[in-house]
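Q:
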Amino acid sequence: MEKKSYTFDEIKQKMVNYCVYQDRCHAEVEQKMRDFLLIPEAKDEIFIYLMKENYLNEERFTRSYIRGKFYIKHWGRNKIRMNLKQKGINEKLISNSMDEIYDEDYEKTLNKLFQNYISTQKGLKDYQKKSKTIRHLMSKGYEYEAILDMITNAND
36 MEKKSYTFDE
46 IKQKMVNYCV
56 YQDRCHAEVE
66 QKMRDFLLIP
76 EAKDEIFIYL
86 MKENYLNEER
96 FTRSYIRGKF
106 YIKHWGRNKI
116 RMNLKQKGIN
126 EKLISNSMDE
136 IYDEDYEKTL
146 NKLFQNYIST
156 QKGLKDYQKK
166 SKTIRHLMSK
176 GYEYEAILDM
186 ITNAND
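The sequence shown begins at 36 in our numbering and counts up by one.
#1: Checking 8 Å against the spacing of the C-beta atoms, do E178 and G103 come in under that value?
#2: Just confirm the distance between the C-beta atoms of L145 and L119, as a whole number of angstroms; I'd bet it's less than 8 Å.
#3: Take the Cβ of R59 as the centre, count every other Cβ of all protein chains shown within 10 Å, and call the residue buried at 16 or more, exposed below.
#4: With three or more C-beta pairs closer than 8 Å as the rule, is the segment 152–167 touching the segment 129–137?
#5: Here's a check: name, in chain order, each residue in its chain whose Cβ is nearer than 7 Å to the Cβ of M36, leaving out the five neighbours to either side.
#6: May I have the straight-line CA-CA distance separating Y141 from F43, to the nearest angstrom?
#7: K39 by DSSP, collapsed to three states: which one?
#8: Leaving out five residues on either side along the sequence, give the residues of the same chain with a beta carbon under 6 Å from the beta carbon of R98.
#9: Whole angstroms is fine: what's the gap from S174's alpha carbon to I124's?
Next comes the structure, spelled out in structure tokens:
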């Protein structure tokens with residue numbers, strides 16, 4: 036099947052629609068532009084247009100991504116940070132944007148996930164339940180120290 040060819044303006048409009056649908060990072064837009072066989076100057080012009088018109092904003096994307104992954108998917112800070120790095124987001128921007136997650140919400144979510152997961156563990160000794168739950172929470176991106184603090188506070 037042959038790829039449909041588009042004019043520069045059609046591609047530009049497609050990229051605007053792509054960015055309007057959901058906040059995107061530079062790497063995602065770059066990847067999408069690879070689908071259209073564009074010369075580097077045309078890619079640069081589209082990038083500049085998207086940034087100038089505020090369709091493409093790395094900080095807005097980062098903050099939106101952090102909120103979504105924490106409040107909807109219940110990911111921890113480590114997993115969110117790692118995924119943003121994979122998307123090519125600057126470490127300083129990630130650190131500055133982490134204030135989107137309130138500490139109180141973070142602790143509540145961690146506690147809720149802990150209670151939900153440990154209650155599903157049947158037929159295991161207490162230490163096995165705890166270690167399995169700790170591994171699960173770490174795979175969700177929560178810090179080992181935060182998990183241990185939460186467990187010791189729950190036991191007090």
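Glycine is no exception: its CB is placed at the ideal position from the N, C-alpha and C atoms.
A: Answer, in terms of the structure:
#1: no
#2: Contact doesn't hold; Cβ gap of about 20 Å is too wide.
#3: buried
#4: no
#5: Legend: pLDDT at M36 = 43, less than 50; position of this residue unreliable, value from coordinates given subsequently. Contacts found: none.
#6: 45 Å
#7: coil
#8: S132 and E135
#9: 21 Å
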